[in-house]
Amino acid sequence: MTLLFIPIQVIQDLAVMSAIGVVLIFGTGFMLLPILLARMAQDEKLVERLSQPMPVREGLWARINLATKPRVAFLLVLLALTGGMLAYDSSTRVIIGDADKGLPELRPGSRYNIDSVTIADSFSIGVDLMTVIVESHPDGSIDHDVMDLIDEFQWRISHVEGVRSTISLPQVARILAAAWSEGPPVWRELPRNQDVLMQSLSSIETSTGLLNSDASVLPVMIFTEDHKAETIKRVTAAVEDFDREFGVDGTARFLLATGNVGVMAATNEVVSAAQMRMLLTIYGVVIVLGLLAFRSIRATLCVVLPLCLVSVLCYSLMVALGIGLKVSTLPVTALGVGIGVDYGIYLTHQLLIARRSGHSLGESYLQALRRSGNAVLVTGLTLAIGVATWIFSDLKLQADMGVLLSFMFAGNMIGALLLLPALHRFLPGGKSESDITSESD
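Residue numbers (the working numbering): 8 to 448.
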């Protein structure tokens, strides 16, 4: 539900659908499942066979339980700290927006993306358009000062890296002014006389998109070479800088922006502002619920810290694979944490019960694995393998989601199985094995 705080409708819809899914799972798990089990005939031989420990499973639990040994736990914590620091340094370079040319939902080799790149390389216009809204007073199109300022803006923005071409009303006015004088290039100047300027623009309709009905809005169309995050950032920064420099005197304001690139720029700003707020909110919720459930700061940290590590590693993986942080990938971390926290809760609940009964950490964790380890493994592998099939999709959007979600689900499972007991060994506040009592740790 923390995704509801992000002001993007598609992400809010995803949050609602996820919440409905969780409620339905609770309903079927707590109500329908007991009814079905009560109606099923019990096979005593099957019950007896299931109650017997399986050698393969017991061997796996014994190996995983080595994570509670001081030396192994120290190595695991050291490895997690080292990996976390390296991943954090890499994660700060995550791209906000698209990292590649072409439509991000499709693979680079798709017909649409090949055609769009060919169009952009062969013609002065392309499929990536940002329209800057220039606001002035009514009849601004026949005001030389306004038109000259727009002309200056167009010249500057045309020299920004990543801009292929631009179209504006002053540019058209120059061409038509020369046409009214039989076409000599010497007359391709912006007329200073209002009557001549009015004559030059007399044939320009509002349907061209270069002016509105009262000529108070005079858009400038900017065709970019692509819609990569760095291209959008350069162009938007240039527009904002020009508006700060020349838009304060009241002649005209240069405002962002329409067109598909303009929408992407606005979306990237929202995603950039929302990502940290989303992470802080979801981890805050997990910490509060963990404290209420376990009544132990130490146990809560043992659940949360592996989740934090996997989240940082996920951002680092995005940098390594060239996957940008955008609307489609922003919810991945939240979904991964929301589902991955279950693994730690399963194990910690059983571990605390055993610890409060007087068992050592090693014995307690082995009991936790016997009671909940199978659920953690089956759930984690089912989710990770299930979404991993998305990697083979023709839609790059779905393939990227498959890579990231598989990593989050599998990483959170491994973190819960190995790093959680290691943290229980080293985090201060727990009882030593010689003085464990039945009290809470």
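Even glycine gets a Cβ: it sits at the ideal position worked out from N, Cα and C.
Cβ-based neighbour list, residue i, same chain, cut-off 6 angstroms, excluding 5 preceding and 5 following
| i | result |
| --- | --- |
| SER413 | ALA391, VAL394, ALA395 |
| VAL344 | ILE289, LEU314 |
| LEU11 | GLN19, ALA22 |
| TYR322 | SER98, VAL101 |
| LEU404 | GLU112, SER335 |
| VAL84 | ALA429, PHE433 |
| GLY169 | THR231, GLU232, THR238, ARG241 |
| SER209 | none |
Contact set for residue i: own chain, Cβ-Cβ below 8 angstroms, skip 5 residues either direction
| i | result |
| --- | --- |
| LEU156 | PHE253, THR258, ALA259 |
| TRP68 | LEU373, LEU376, ARG377, GLY380 |
| PHE37 | none |
| LEU298 | ILE304, THR307 |
| ASN120 | LYS108, GLY109, LEU110, LEU113, ARG114 |
| MET61 | none |
Contact belief for residue i with residue j at Cβ below 8 angstroms, rounded distance in angstroms
| i | j | result |
| --- | --- | --- |
| VAL268 | MET137 | 4 angstroms |
| LEU176 | LEU217 | 5 angstroms |
| VAL383 | THR355 | About 11 angstroms separates the two Cβ atoms, so there is no contact after all. |
| MET228 | THR173 | 6 angstroms |
| PRO145 | ALA222 | 6 angstroms |
| ASN419 | TYR350 | 6 angstroms |
| GLY147 | LEU225 | 6 angstroms |
Contact under 8 angstroms by Cβ, residue i with residue j
| i | j | result |
| --- | --- | --- |
| ILE18 | PRO338 | yes |
| THR99 | PRO428 | no |
| GLY331 | ALA106 | yes |
| THR231 | ASP135 | yes |
| ILE149 | LEU204 | yes |
| ARG171 | ASP401 | no |
| ILE15 | VAL277 | yes |
| MET285 | ALA341 | yes |
| LYS235 | LYS333 | no |
| GLN201 | GLN178 | no |
Opposing strand residues paired with residue i [DSSP bridges]
| i | result |
| --- | --- |
| ILE360 | None, per the DSSP bridge assignment. |
| LEU204 | Its beta-bridge partners do not exist; DSSP assigns none. |
| THR497 | Outside the modelled stretch of the chain, which goes from 8 to 448, sits residue 497, for which no answer is possible. |
| ASP105 | LYS235 |
| THR173 | ILE229 |
| ARG260 | GLU142 |
| LEU113 | LEU402 |
| LEU39 | DSSP, once it has assigned bridges, lists no residue as partnering LEU39. |
| LEU332 | ILE103 |
Rounded C-alpha distance that separates residue i from residue j
| i | j | result |
| --- | --- | --- |
| ASP240 | LEU426 | At residue 240 the sequence reads Lys, which differs from the Asp that was named. Looking at the two C-alpha atoms, the distance is approximately 39 angstroms. |
| GLY369 | HIS431 | 10 angstroms |
| TYR95 | LEU320 | 7 angstroms |
| THR386 | ALA244 | 46 angstroms |
| ASP256 | GLU159 | 15 angstroms |
| ASP250 | GLY329 | 33 angstroms |
| ARG46 | THR35 | 15 angstroms |
| ALA26 | VAL348 | 16 angstroms |
| PHE81 | THR89 | 12 angstroms |
| VAL317 | GLU65 | 27 angstroms |
| LEU388 | ILE103 | 30 angstroms |
| GLY116 | THR213 | 38 angstroms |
| SER143 | VAL295 | 52 angstroms |
| ASP50 | ILE304 | 43 angstroms |
| TRP397 | PHE416 | 14 angstroms |
| ALA280 | LEU287 | 12 angstroms |
| VAL326 | GLN357 | 37 angstroms |
| VAL410 | LEU324 | 9 angstroms |
| SER123 | THR274 | 22 angstroms |
| ALA361 | ALA406 | 42 angstroms |
| VAL63 | ALA423 | 20 angstroms |
| LEU44 | LYS52 | 17 angstroms |
| GLY28 | ARG363 | 34 angstroms |
| TRP55 | PRO77 | Checking the sequence, you will find Glu at residue 55 rather than Trp. Distance between the alpha carbons of GLU55 and PRO77: 36 angstroms. |
| ASN219 | ILE211 | 11 angstroms |
| THR265 | PRO41 | 55 angstroms |
| PHE130 | ILE421 | 51 angstroms |
Residues near residue i in its chain [Cβ-Cβ closer than 7 angstroms; skip 5 each side]
| i | result |
| --- | --- |
| ASN72 | GLY369, TYR372, LEU373, LEU376 |
| SER207 | ALA180, LEU183, ALA184, TRP187, PRO198 |
| LEU263 | VAL139, THR243, VAL246, GLY269, ALA272 |
| PHE301 | THR307, THR355, LEU359 |
| LEU312 | LEU430 |
| GLU189 | none |
| ALA87 | LEU316, LEU426 |
| PRO191 | ALA185 |
| TRP194 | ALA184, ALA185, SER188 |
Residue-chain proximity (residue i, chain C), Cβ-Cβ < 8 angstroms
| i | result |
| --- | --- |
| VAL344 | In the structure shown, chain C does not exist; there is a single protein chain. |
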